[in-house]
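Below is one structure; the comments refer to it alone.
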Amino acid sequence: MTAAENQGPLSVYRLLPSMREFQLLHFDNSPVELMRWQLGGSVGEPPTDFNAEWGGEPRWPRSEFPNGDPCCPVVSGRIADVLRDELATAGRLVPVNIDGSAGDEYRLHVVERVVDCFDEGRSSTPDQIGRIKTSVFRPEALPVELAAFRFPQFPTAVCWNGWMVERLGRLLGDQLESRLIWSEDPSLAPHPAPWGF
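Add 1 to a position in the sequence shown, counting from 1, and you land on the number used in the numbering used here.
Set out below in C-alpha cells:
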C-alpha cells in the first residue's frame with residue numbers, strides 16, 4: 002500500500018518496538034545532536050554519526066524496529082531495503098554504528114520533513130520542555146504522501162501516517178507497537194499517552 006492507495010481514514014501514529022522478548026538498541030549520547038538539529042529548526046545538514054549497542058537477553062532475536070526514542074526511529078537493513086522509496090519521502094537513512102555489527106545492518110531514519118499541520122486550538126498546551134500530550138491535526142494539511150513527518154510545535158517527535166504503519170505492521174508483525182495519536186475517524190480512540198508521559 003502507498004499513500005495513493007490508502008482507503009482508510011487519515012490517522013497518525015507513534016511507533017515503538019513491542020514489549021516482547023527482542024533485543025533492542027541503546028544509544029550513547031549521539032541522538033542529542035539530532036535533537037538539537039530538530040529543535041533548531043532543522044537548518045543545515047543533520048548529524049550522521051550514531052552509536053549504539055544491543056541490550057536484552059543475548060538469546061533473544063534482534064528486533065527489526067529496535068528503538069523507541071521518538072526522535073530517531075531505527076529499522077533493520079531488510080526493512081530499509083523493502084521500504085526505501087517510501088521512507089525516502091520523509092528523510093534519509095543513516096547507518097548506525099553498532100558494537101559488534103556490520104556497518105549497514107541497521108539504519109536510523111532521519112525524518113527531515115517538517116509540516117505545519119497541527120491544530121493548536123484543539124490540541125493540549127505543550128509542557129515546559131515542549132512535549133504535547135494530546136495532538137490534533139488538520140486533515141487538509143496532513144502530508145499523506147509522506148511515510149512520516151515532524152511538526153514545528155513538537156519537532157523531536159516523529160509521526161507516522163496510517164498507511165505506512167500498515168505496511169510496517171505487515172512486515173514486522175509482533176515486533177512493532179503502534180500508538181494512535183490522532184484520526185479523522187471519531188470512533189477511533191487515541192492512545193491515552195502516545196508519547197509515554
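Even glycine gets a Cβ: it sits at the ideal position worked out from N, Cα and C.
- Per the C-alpha coordinates, the member of Phe150, Asp117, Glu167 positioned closest to Ala89 is Phe150.
- Between Val111 and Val97 the beta-carbon gap is near 11 Å, outside 8 Å, which marks them as no contact.
- If the five residues before and after Lys134 are omitted, its C-beta is found closer than 8 Å to the C-beta atoms of Ser125, Asp128, Ala194, Trp196, Phe198, all from its own chain and listed in chain order.
- Here the segment 19-28 lies against the segment 56-68, with 3 or more beta-carbon pairs under 8 Å apart.
- When Pro153, Val137, Pro144 are compared, the shortest CA-CA separation from Gly131 is found for Pro153.
- Classified as buried, Ser179 has 16 or more neighbouring CB atoms from the shown chains inside 10 Å of its CB.
- It is roughly 36 Å from the alpha-carbon of Arg123 to the alpha-carbon of Ser77.
- Between the alpha carbons of Trp61 and Glu22 lies a gap of roughly 6 Å.
- Residue pairing from DSSP places Gln24 in a beta bridge opposite Arg63.
- No residue range can be given for Glu106, since it is assigned to no alpha helix (DSSP H) and is classified by DSSP as neither H nor E.
- In this structure, the CA atom of Leu173 is about 12 Å from the CA atom of Met165.
- Annotation for Val95: the continuous beta strand (DSSP E) segment containing it runs 92-99.
- Here DSSP, grouped into helix, strand and coil, assigns Ala142 to helix.
- In this structure Leu40 touches Pro156 by the C-beta definition: roughly 6 Å separates them, less than 8 Å.
- For Val95 against Arg108, the beta-carbon gap comes to about 6 Å, under 8 Å, which counts as contact.
- Boundaries of the alpha helix (DSSP H) harbouring Gly170: 163-173, taken from the DSSP string.
- Exposed is the label assigned to Gly9, since fewer than 16 other Cβ atoms lie within 10 Å of its Cβ.
- Rounded to whole angstroms, the separation of the alpha carbons of Ser19 and Trp55 is 15 Å.
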